[in-house]
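Protein chains in written order, with the numbering used here: chain A, 1 to 159; chain B, 1001 to 1159. By construction, the Cβ of each residue, glycine as well, lies at the ideal position given by its N, Cα and C atoms. Read through the structure below, which is laid out as structure tokens, and then see the notes.
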């Protein structure tokens, strides 16, 4: 294995395991439980799930892999705080979005070769990337994996 | 920058930023707040902090960097559940341990060159490592960064 292949495996093992952790946890939590606040006065499970879908949707744009699948989630789950927006999707709808999005992301991610993950993501200019080559597509996966684990830690409290 | 240097930067930027996130959060939480349960019936902030120190102590062993600094935390913060052990260190003591440990880890980590992070960690045999070269020291940093973020997500709920 080359250095690149080793890193590819480390980064994607962590991403895929984290998604699996999240899936397993979501399967253990009922729709009713996900409607509860994680701690008194804090975000509900529903909001965290919608937030994760909105953030992962942004990854498609950052990775130059097309448009968001659920652009309608950007406003209520990224811009707005929980319990300030009416007519949110139901937990059941969000579960279906999550599942569909995970499948699409997996398919798109698998279409890229390890060396393509070394290329720049879309929010860095070519000029800046020349000076800061670590701002590549791998970096998006690494940062979003830690973001995902941050919120899994919170959802875990609903068990 | 070589591929190795780029990955070194991605991995350690994420680790160091996560430690900084945790430090900033701990500075915002009073000792009294850290004695509270994060959610009703769940772990207290104190326990999560002790748990992080115990897990980071294990990193020293896994990375072949010497002995644990606080071996006495292994039993109460890794083996035992919260609120089952008496005579735990105070929040003030744990804060001091955390600060000291972060400084020691930073010093030890900086002493290694990027290529040394490609070497095997201590819980994998040389035989297995030959087949699975991704089980290297970088991998320990990557997995412990996601572990840290999981618990930062929880501590954040105390704010």
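**OP:** Let me know the alpha helix (DSSP H) ranges lying completely inside the segment 3–75 of chain A, each 4 residues or longer, listed in chain order.
**Re:** Within the segment 3–75 of chain A, the alpha helix (DSSP H) runs of at least 4 residues that lie entirely inside it are, in chain order, 3–28, 31–34 and 45–62.
Original post:
Can you tell me the Cα-Cα spacing of residue 151(A) and residue 1019(B), whole angstroms?
Top reply: Approximately 17 Å between the Cα atoms of the pair.
Original post:
Does the count of Cβ pairs from the segment 131–145 of chain A and the segment 110–118 of chain A closer than 8 Å reach three?
Top reply: The segment 131–145 of chain A, when compared against the segment 110–118 of chain A, does touch it at the 8 Å Cβ threshold.
Subject >> residue 1131(B), DSSP secondary structure in three states >> reply: Residue 1131(B): helix per DSSP, three-state reduction.
Original post:
Is the shortest distance between the beta-carbon of residue 1018(B) and the beta-carbons of chain A less than 8 Å?
Top reply: For residue 1018(B), the answer is yes, since a Cβ of chain A falls inside 8 Å of its Cβ.
Original post:
When the Cα of residue 1081(B) is compared with those of 1127(B), 1044(B), 1129(B) and 1053(B), which residue comes out closest?
Top reply: Comparing Cα positions, the closest option is 1044(B).
Subject >> Reduced DSSP secondary structure (H/G/I, E/B, other) of residue 1087(B) >> reply: Three-state result, residue 1087(B): coil.
Subject >> Any C-beta of chain A under 8 Å from that of residue 1139(B) >> reply: Yes, residue 1139(B) lies at the interface with chain A (some Cβ there is under 8 Å from its Cβ).
Subject >> Counted within 10 angstroms of its Cβ, other Cβ atoms place residue 1059(B) as buried (16 or more) or exposed >> reply: Buried: at least 16 other Cβ atoms inside 10 Å.
Subject >> CB of residue 1053(B) within 8 Å of CB of residue 1105(B), strictly >> reply: No, these two residues do not count as a Cβ contact at 8 Å.
Subject >> Pick from 1130(B), 1015(B), 1038(B) and 1046(B) that is closest to residue 1110(B), judged by C-alpha positions >> reply: Considering only alpha carbons, the answer is 1015(B).
**OP:** Please report how far the alpha carbon of residue 1042(B) lies from the alpha carbon of residue 157(A), in whole angstroms.
**Re:** One alpha carbon belongs to residue 1042(B), the other to residue 157(A), and they sit about 7 Å apart.
Original post:
Which stretch, first to last residue, makes up the alpha helix (DSSP H) that contains residue 155(A)?
Top reply: Its alpha helix (DSSP H) spans residues 137–155.
**OP:** Select from the segment 104–118 of chain A all residues with a C-beta closer than 8 Å to any C-beta belonging to chain B, and list them in chain order.
**Re:** Correct list: 118.
Subject >> Nearest-angstrom Cα separation, counted from residue 96(A) out to residue 40(A) >> reply: The C-alpha of residue 96(A) is placed about 27 Å away from the C-alpha of residue 40(A).
**OP:** Determine the direct distance from the alpha carbon of residue 1068(B) to that of residue 1107(B), and round the result to whole angstroms.
**Re:** Cα atoms of residue 1107(B) and residue 1068(B): separation of roughly 15 Å, rounded to the nearest angstrom.
Subject >> Same chain, Cβ closer than 6 Å to residue 1049(B), neighbours up to 5 away in sequence not counted >> reply: Correct list, in chain order: 1094.
Subject >> Neighbourhood of residue 98(A) by C-beta distance below 6 Å, restricted to the same chain and skipping five residues each side >> reply: Only 53 meet the Cβ criterion.
**OP:** Please state if the CB of residue 85(A) and the CB of residue 31(A) are separated by a distance shorter than 8 Å.
**Re:** Not closer than 8 Å, so no.
Original post:
Given that residue 14(A) touches chain B, what residues does it touch there, using C-beta distances under 8 Å?
Top reply: Against residue 14(A), the close residues of chain B are 1142, 1143 and 1146, in the order they occur along the chain (beta-carbon pairs closer than 8 Å).
**OP:** Answer with yes or no whether the minimum CB distance from residue 150(A) to chain B is below 8 Å.
**Re:** Yes, because at least one Cβ of chain B sits closer than 8 Å to the Cβ of residue 150(A).
Original post:
residue 7(A) touches chain B at which residues, Cβ-Cβ below 7 Å?
Top reply: Contact of residue 7(A) with chain B by beta-carbon distance below 7 Å involves 1007.
Subject >> Per-residue DSSP class, three states only, for residue 1108(B) >> reply: Here residue 1108(B) sits in helix by DSSP.
Original post:
Beta-carbon separation of residue 64(A) and residue 146(A) under 8 Å?
Top reply: In this structure, residue 64(A) sits away from residue 146(A), with a CB-CB distance that is not shorter than 8 Å.
Subject >> Rounded C-alpha distance that separates residue 1028(B) from residue 153(A) >> reply: Going by the C-alpha atoms only, they are around 20 Å apart.
Original post:
Relative to the ligand FAD, is the shortest distance from any of its heavy atoms to the C-beta of residue 1076(B) smaller than 7 Å?
Top reply: With respect to the ligand FAD, the structure shown offers nothing to examine, as it has no ligands at all.
**OP:** Return the chain-ordered list of same chain residues with a C-beta closer than 8 Å to the C-beta of residue 1100(B), the five sequence neighbours on each side being excluded.
**Re:** For residue 1100(B), where only same-chain residues beyond five positions count, the Cβ hits under 8 Å are 1069.
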